[in-house]
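In my numbering, the protein residues as written are 11 to 291.
From the three backbone atoms N, C-alpha and C, an ideal C-beta is built for every residue, glycine too.
As the structure is a computational prediction, the values presented were derived from the model and not from experiment.
In what follows, a structure is listed as structure tokens, so that the remarks can point back to it.
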């Protein structure tokens with residue numbers, strides 16, 4: 011009899027514990043919008059499409075998140091399939107830019123995300139727009155909106171033709187907020203296949219040489235040149251910053267055969283590469 015009572019008490023304790031955990035989970039929902047802000051809203055007859063970013067959209071690399079709200083129910087769509095096409099409308103031509111696909115962030119969430127590299131800024135007569143095609147429950151929809159893309163205050167993107175005749179785009183992605191430390195670094199390397207397609211370049215290396223021009227052009231230790239881990243991905247490496255101030259990150263793009271296709275090695279006579287990123291922090 012005592013054993014039965016003990017077993018019953020144990021079962022009740024486990025049940026109470028599970029209910030307690032369930033209640034705690036229910037009262038702490040995840041805030042999907044933490045750290046990001048809405049910068050654009052587009053409405054059609056069926057949906058309202060919301061665009062978010064954690065930083066202001068500008069020339070260079072931009073992480074963009076999307077939510078789609080059903081106008082009739084105000085509920086956010088969780089099963090959309092999304093594609094997008096950014097276009098730069100110039101005086102004499104129209105072209106696109108490097109971009110990723112758009113993927114769902116979490117299975118039960120409402121946010122979708124991807125990146126777009128606006129390699130040039132808007133001006134008084136030339137502008138970017140973004141076409142979003144999406145499907146929900148087998149029905150297809152489309153919206154197009156103008157996107158403001160001001161010039162970046164720092165050099166975060168390089169567009170150039172390499173010694174191999176290929177037109178490349180090399181863009182700085184992270185860190186968003188550099189620190190005096192060995193920073194994780196993320197960059198993108200793309201090529202222009204044609205005016206509408208800018209695929210990732212695979213198996214190259216981006217050599218980096220951080221320098222402080224105002225401090226005798228000194229460098230920093232323990233840098234790791236960004237390379238790819240998986241084909242089709244961005245490149246990752248390490249960037250050492252030893253003090254605050256203005257930094258110029260000199261670059262050399264090296265192909266899969268070890269040949270430098272653009273950029274110069276820094277020496278006593280060559281103080282800066284023709285391709286570089288720069289910032290001050």
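In the structure shown, residue 224 falls within a helical segment according to DSSP collapsed to helix, strand and coil. Per the DSSP secondary-structure output, residue 104 pairs in a beta bridge with 99.
The Cβ atoms of residue 74 and residue 125 sit closer than 8 angstroms to each other. The continuous stretches of beta strand (DSSP E) do not include residue 82, and DSSP gives it neither H nor E. Between the alpha carbons of residue 262 and residue 200 lies a distance of about 14 angstroms. Ranked by Cα distance from residue 128, the options 135, 95, 154 and 121 are led by 95. If you ignore the 5 residues before and after residue 91, its C-beta comes within less than 7 angstroms of the C-beta of 144 and 145, all in its own chain and listed in chain order.
Here the alpha carbons of residue 237 and residue 184 stand approximately 14 angstroms from one another. Less than 8 angstroms divides the Cβ of residue 78 from the Cβ of residue 57. Between the alpha carbons of residue 86 and residue 239 lies a gap of roughly 35 angstroms. Taking each of 69, 150 and 46 in turn and checking the Cα distance to residue 62, the smallest one comes out for 46. By the criterion of at least three beta-carbon pairs nearer than 8 angstroms, the region 219-235 is in contact with the region 248-258. In this structure, the beta-carbon distance from residue 70 to residue 162 falls below 8 angstroms. Take residue 227, set aside five residues on each side of it, and the residues of its chain with a beta-carbon closer than 7 angstroms to its own are 221 and 281, in chain order.
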